[in-house]
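> Provided herewith is a single structure, encoded as structure tokens, for subsequent inquiry.
2 protein chains.
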Amino acid sequence: MADPLSRVFSALADPTRRDIVARLAVADATVNELAAPYDVTVQAVSKHLRVLEDAGLVSRSREAQRRPVHLEAEVFDLMTKWIERYRRQAEERYRRLDDVLRSMPDADPPPPEENPR
Amino acid sequence: MADPLSRVFSALADPTRRDIVARLAVADATVNELAAPYDVTVQAVSKHLRVLEDAGLVSRSREAQRRPVHLEAEVFDLMTKWIERYRRQAEERYRRLDDVLRSMPDADPPPPEENPR
DNA sequence: CTCGTGGTCAACCCATCGGTTGAACAAAGT
DNA sequence: ACTTTGTTCAACCGATGGGTTGACCACGAG
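Chains as they are written, first to last, in the numbering used here: chain A, 451 to 567; chain B, 451 to 567.
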């Protein structure tokens with residue numbers, strides 16, 4: 451699975467990984483610190499970090515024997531760009547459909563915003 | 451994997467699925483139409499649509515024996531909200547770090563931005 | 001009623017994923 | 001030099017994911 455977008459999306463498809471990102475947004479942390487709250491082994495968390503790193507979401511520097519993990523914000527843009535593009539397109543299409551319905555000879559009463567949100 | 455956010459992210463972690471979304475942003479389509487461009491079976495595409503549907507990205511209506519697929523834009527917000535939150539936080543943190551560095555009395559030569567990006 | 005057509009369900013295959021344990025490596029501290 | 005602390009590597013395990021084939025169901029056309 452080479453492509454960057456897939457890597458980012460699937461990296462964030464895991465709750466633990468998202469939580470790690472959330473915590474890294476507050477402050478850098480080491481693997482052990484990150485692993486503490488979860489009841490999985492440190493190795494498991496290390497693997498998670500590897501995934502995040504491969505996705506470009508995170509970087510590890512070296513500082514003594516510690517390896518502080520740092521959140522890399524830029525990659526987010528990749529996603530937001532993709533998402534926004536198709537969201538806009540879909541909404542645009544929705545708006546146009548709306549216009550069409552509105553401009554329709556009132557043959558078929560348009561279901562009056564059936565949307566019980 | 452119950453939580454909605456995970457479902458959306460992992461739904462979009464697949465290139466084929468993203469492509470389907472991209473095409474549905476232009477116009478609704480049936481399963482067969484959607485399957486045409488790819489060299490996989492219709493069943494495979496049907497499965498993809500199921501995943502997208504479970505993620506709330508897509509809805510299938512019934513129209514004669516056809517089942518047109520429609521892109522649902524709202525779910526995107528879930529993602530963008532999540533992403534934007536942590537991106538802002540990370541950028542904020544970066545900005546603050548910058549300030550700190552700038553306001554530092556040049557006592558201890560701060561490891562001069564050891565960050566060979 | 002029967003026959004295409006559009007779509008799904010079911011069972012299976014193999015690769016990947018999240019997790020484990022156990023060993024190894026790297027850099028202090030003693 | 002030996003030990004401790006932090007981290008990763010390797011091998012394995014069960015579950016899930018994307019794909020297949022083959023049967024099945026729903027519908028409209030003849």
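Backbone N, C-alpha and C define an ideal beta-carbon position, used for all residues, glycine too. No experiment lies behind these values; they were computed from the predicted model shown.
1) Kindly confirm or deny that the segment 487-507 of chain B and the segment 531-548 of chain B touch, where touching means at least three C-beta pairs closer than 8 Å.
2) Look at the alpha carbon of residue 488 of chain B and the alpha carbon of residue 458 of chain B, and state the distance between them as a whole number of angstroms.
3) Relative to the alpha-carbon of residue 456 of chain A, which residue among A/513, A/522, A/502 has its alpha-carbon at the smallest distance?
4) How would you call residue 463 of chain A, buried or exposed, if buried means at least 16 neighbouring beta carbons within 10 angstroms?
5) Look at the alpha carbon of residue 480 of chain A and the alpha carbon of residue 545 of chain A, and state the distance between them as a whole number of angstroms.
6) Residues of chain A with a CB under 8 Å from the CB of residue 435 of chain B: which are they?
7) Expressed to the nearest angstrom, what Euclidean distance is found between the alpha-carbon atoms of residue 531 of chain A and residue 508 of chain A?
8) Could you give the first and the last residue of the continuous alpha helix (DSSP H) run that contains residue 495 of chain A?
9) Under 9 Å Cβ-Cβ, which residues of chain B neighbour residue 465 of chain A?
10) Cβ of residue 510 of chain A less than 9 Å from any chain B Cβ?
11) Starting from the beta carbon of residue 536 of chain B, find every residue of chain A whose beta carbon is closer than 9 Å, and list them in chain order.
Reading it off the structure:
1) no
2) 22 Å
3) A/502
4) buried
5) 48 Å
6) Since the first and last residues shown for chain B are 451 and 567, residue 435 of chain B lies out of range.
7) 19 Å
8) 492-504
9) 451, 453, 455, 456
10) no
11) 468, 471, 472, 474, 475, 521, 523, 526
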